[in-house]
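Single-structure report; data block below.
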Amino acid sequence: MKENNAPYLDPSVPLRDRVEDLLFRMTDRELVGQLVQYAGPGVSFLRGTGKAAGDEVDLGDNVPHYRDLNPRTFIAAIENGEIGSFLSVYDEGEADALQSIAARSRLGIPLLIGVDAIHGHGMYRPGATVFPTPLGLAATFDPDQAEIVARITAREMRATGAHWTFSPNVDVVLDPRWGRTGETFGEDPYLVGEFGRAMVRGYAGDGGEESVLSCAKHFVGGGDPDNGINFAPLDASERTLEETFYPPYRAVIEEGCPTVMAAHNDVNGIPCHAHPGLLTDLLKGTWKFEGFVVSDWTDIFRLHTVHRIAESIPAACVQSVLAGMDMHMHGPGFFEPVLAAVETGVIPRERLTDAVRRILLQKFRLGLFDRDDAGSRLEADRRGGVGCAAHRDAALEAAAASIVLLKNEGNLLPVSRDVGTVLVAGPNAANLSILGDWSVPQEDAVSLLDAVRAKLGDERVISVPTNGVRSITDEQIDETVRIAKTVDVAILAIGDCSLRFDRDNRSCGENADRARLDLIGRQLELVRAVHATGVRVVVVLINGRPIAEPWIAEHIPAIIEAWEGGSQGGRAIAEVLFGDRNPGGRLPVTVPRSVGHIRQHYRVKPASHYRTYVDDPAAPLYEFGYGLSYTRFQYADLRVAPILGPDEDLRVVFRLTNVGDRDGEEVALLFVSDVIAEVTLPEKTLAGFKRLTLKAGQTREVEMTIARDRLAYLDRALRRRVEPGEFRLSIGVPEVLAANFRVS
Ligand code: BGC
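For the sequence shown, the numbering used here assigns the number 23 to the initial residue and increments by one for each residue that follows.
Here it is as structure tokens:
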């Protein structure tokens with residue numbers, strides 16, 4: 023029975039002693055129960071009750087159907103301590119109901135409740151603040167933005183009974199056909215790691231009532247699946263794993279990220295869900311990860327059904343736990359075989375207690391044994407509550423900072439507020455695409471059309487209702503052209519649709535991979551037809567992955583990359599279009615000219631373009647790090663010490679002047695390259711970045727420090743080292759200044 027004076031219930035007992043005391047009291051069934059996660063009953067039993075996230079609940083891959091499970095059996099499992107965690111719990115009502123059942127269990131171990139709060143808590147929660155999707159956050163090149171986003175998300179989660187978010191996704195994307203590109207921080211391992219760290223810090227906060235667990239996913243290599251298809255294998259050398267895919271994980275674990283989710287894919291033939299080398303040796307051994315590993319959505323079963331490395335589902339469960347998996351996402355089918363394997367000694371008891379120890383440690387750290395979620399709710403309410411004005415303001419700031427100006431011929435932008443009439447049209451002008459994946463429809467989402475109308479007044483803004491990105495009709499193109507002939511400026515919002523509830527138009531997002539990288543459907547046709555009228559056209563891209571459309575890059579005078587800016591995204595774009603804000607974002611991914619240019623990323627080696635194609639230029643449409651401003655910045659007087667002594671970091675000093683007539687923000691991008699090395703190396707590697715604000719005419723002396731380790735590379739024996747010799751430091755995309763220095 024639960025003894026009220028048991029040490030594990032006493033907050034004054036040291037944390038680890040509490041964990042050990044509880045472990046000692048647990049039966050095998052209770053121990054295995056901690057490894058089991060189920061989907062919330064609203065998702066798994068109440069299908070079709072209107073609580074569902076669009077029609078996803080009936081149709082989607084993300085929907086569990088515990089068809090054969092009787093709700094009474096399910097409740098009994100919680101009461102018996104045979105379920106330790108839930109995911110996809112709708113709201114605080116459901117969370118409280120589940121927790122009160124768990125409180126009746128013999129030891130009263132609280133449930134850990136996880137949600138996919140990927141860019142805000144909008145996945146199950148109408149009214150939550152929806153921030154830009156992570157690719158947009160990365161485009162800010164300002165990790166502080168990401169930290170704020172994570173902080174607010176944590177607060178809104180705790181206010182609804184959730185403790186754990188399956189974020190950040192620190193996959194490095196090398197193949198943008200992958201629909202989940204927008205869910206990541208892009209192609210550069212260092213940038214991904216820095217944003218991952220910021221999110222981990224934000225989710226953790228000060229560790230109090232508003233803290234949630236983060237989860238680094240998907241370990242490892244999901245961002246470069248075969249042919250760009252989610253779940254497909256990764257075939258990568260040890261060098262590539264070390265240089266590209268591992269660094270962000272190392273970074274977030276160093277930052278204290280408490281959970282890791284295994285990847286769907288196999289790595290060099292071994293599925294991540296049954297990979298002792300990755301889960302046990304590397305993660306928990308070499309990297310000393312103290313947290314726990316959770317499986318991805320029923321992926322343990324897929325070791326049998328898809329990867330076919332286990333002869334049955336029970337065998338798959340055993341293989342996975344033996345490899346180092348600590349928690350099963352989700353549902354029936356796991357508990358019994360794992361229990362049986364423990365009882366027969368196939369799974370050593372130490373492996374089981376190790377997994378449970380890791381999980382309990384996090385439950386204790388979150389304070390779940392010591393307070394209920396009421397405190398978190400009060401705290402969130404004190405600050406304004408879920409989706410409050412202050413949170414929305416932060417979402418607007420992040421969305422505005424994420425916008426990248428790709429082209430501005432003849433200073434067409436910003437559009438003067440005195441402009442006569444404007445057309446705001448295109449498939450993404452008035453819909454919810456701006457929310458991105460992992461959100462339910464949000465009533466407070468501001469579309470571009472809403473925002474431009476609010477700015478200019480209804481009379482001067484004309485629109486043409488248009489279907490989504492995949493289903494534009496002849497009539498809609500004709501009508502858009504007809505209106506375009508009558509206005510002063512045409513603003514066309516095009517791109518992708520990542521909304522999981524808009525099945526017909528979905529072109530991006532989880533399990534929405536593409537074989538091409540151009541605009542889907544008839545969007546290019548629409549843009550060309552409007553351009554042919556002779557009106558000045560501004561293209562606004564609302565999308566979750568690079569879009570390769572050379573015709574647009576060449577012919578359209580003004581192009582804005584707005585990503586999926588979240589519920590305040592439309593407002594942010596309008597503020598940039600009409601000059602209330604000066605765009606300062608940069609591309610966190612290379613935009614290739616076509617799908618045939620994959621895998622193109624900025625860390626290519628010199629030999630990558632020693633030769634070229636016969637049928638198309640090899641250069642990207644836009645480089646990683648590219649982005650313009652309404653003002654101009656000038657760099658001067660770059661100084662680095664000519665010789666870097668042993669153990670020294672690199673100090674870089676330069677002068678930056680805003681030489682235009684508007685205040686603005688500039689992202690200083692520093693790259694390094696080792697001039698001669700014993701293996702072939704990328705031409706340049708991002709070594710540091712800083713987003714700086716300068717008033718018109720202002721000059722700043724900027725100092726940045728590059729950690730010595732940023733100069734290191736893996737030698738032929740795969741040892742990481744900084745090689746003495748000549749290095750090159752460069753600033754800017756395109757490069758504006760460079761200096762050489764020596765490492766002694
Ligand atoms: C995704 C994960 C996600 C999980 C839970 C899976 O399909 O790959 O990233 O956290 O579902 O919804």
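Built from N, CA and C at the ideal position, the CB exists for glycine as well. The structure displayed is predicted, hence computed values, not measured ones.
Residue i Cβ short of 7 Å to ligand 1 heavy atom set
i	result
Phe188	yes
Trp319	yes
Leu109	yes
Asp138	yes
Lys239	yes
Glu532	yes
Cβ separation of residue i and residue j, assumed to be a contact under 8 Å, to the nearest whole Å
i	j	result
Val340	Gln56	Contact doesn't hold; Cβ gap of about 17 Å is too wide.
Glu169	Val408	Contact flag wrong, Cβ pair sits at about 19 Å.
Ile322	Phe356	7 Å
Asp197	Leu708	About 19 Å; that fails the 8 Å criterion.
Phe314	Val437	Between Val437 and Phe314 the Cβ distance is about 52 Å, and since that is not below 8 Å, they are no contact.
Ile564	Asn450	4 Å
Leu470	Ile595	5 Å
Ala515	Gly448	4 Å
Glu745	Asp696	6 Å
His329	Pro293	5 Å
His143	Gly588	About 12 Å separates the two Cβ atoms, so there is no contact after all.
Where the beta strand (DSSP E) through residue i begins and ends
i	result
Lys239	Cys237 to Phe241
Asp659	Phe655 to Val662
Gly686	Gly686 to Asp696
Ile123	Careful: Ile123 lies outside any beta strand (DSSP E), inside the alpha helix (DSSP H) at Glu114 to Ala125.
Tyr60	Val58 to Ala61
Val483	Val483 to Ser485
Arg713	Thr707 to Leu716
Met283	Thr281 to Ala284
Val316	Phe314 to Val316
Residue range of the alpha helix (DSSP H) that includes residue i
i	result
Glu216	Pro211 to Ala226
Tyr644	Note, Tyr644: premise wrong, no alpha helix (DSSP H); not H, not E.
Leu454	Taken as a continuous stretch (DSSP letters only), Leu454 belongs to no alpha helix (DSSP H), as it is neither H nor E.
Val41	Leu37 to Arg47
Gly592	Gly591 to Leu599
Gly418	It is Leu, not Gly, that sits at residue 418 in the sequence shown. Taken as a continuous stretch (DSSP letters only), the alpha helix (DSSP H) holding Leu418 covers Ala411 to Ser424.
Glu232	From DSSP, Glu232 is part of no alpha helix (DSSP H); its letter is neither H nor E.
Glu501	Asp496 to Ala506
Ser342	Ile335 to Ala345
From the options, residue whose alpha carbon lies closest to that of residue i
i	options	result
Ile597	Glu216, Phe253, Met351 and Ile425	The question names Ile, but residue 597 is Glu in the sequence shown. Ranking Glu216, Phe253, Met351 and Ile425 by Cα distance to Glu597 puts Ile425 first.
Leu716	Leu733, Ala663, Gly606 and Tyr624	Gly606
Glu232	Arg223, Val54 and Pro270	Arg223
Asp602	Asn533, Ile174, Glu419 and Asn565	Glu419
Gly243	Tyr648, Thr203 and Glu276	Thr203
Arg261	Arg742, Arg764, Glu757 and Gly754	Arg742
Leu400	Thr182, Ala226 and Thr151	Thr182
Asp540	Ala575, Val511 and Ala506	Ala575
Arg677	Met221, Asp671, Tyr657 and Gly215	Tyr657
Arg544	Arg558, Arg492, Val557 and Pro664	Arg492
Pro33	Leu470, Arg387 and Leu733	Arg387
Leu428	Val755, Tyr60 and Tyr112	Val755
Asp524	Leu454, Trp585, Val511 and Gln590	Leu454
Gly686	Pro668, Thr302 and Gln720	Gln720
Thr308	Leu344, Pro298 and Ser317	Pro298
Gly710	Phe693, Ile135, Val724 and Pro704	Phe693
Ile97	Leu109, Asp113 and Tyr60	Tyr60
Pro190	Thr151, Ala139 and Gly227	Ala139
Cys410	Ile174, Val289 and Tyr271	Ile174
Thr727	Lys712, Tyr648, Ala734 and Arg738	Lys712
Gln384	Gly64, Leu445, Glu312 and Asp518	Glu312
Asp659	Met351, Ala423, Ala761 and Pro639	Ala761
Thr502	Val483, Cys519, Val636 and Ser520	Val483
Tyr648	Gly591, Thr162, Ile505 and Leu91	Thr162
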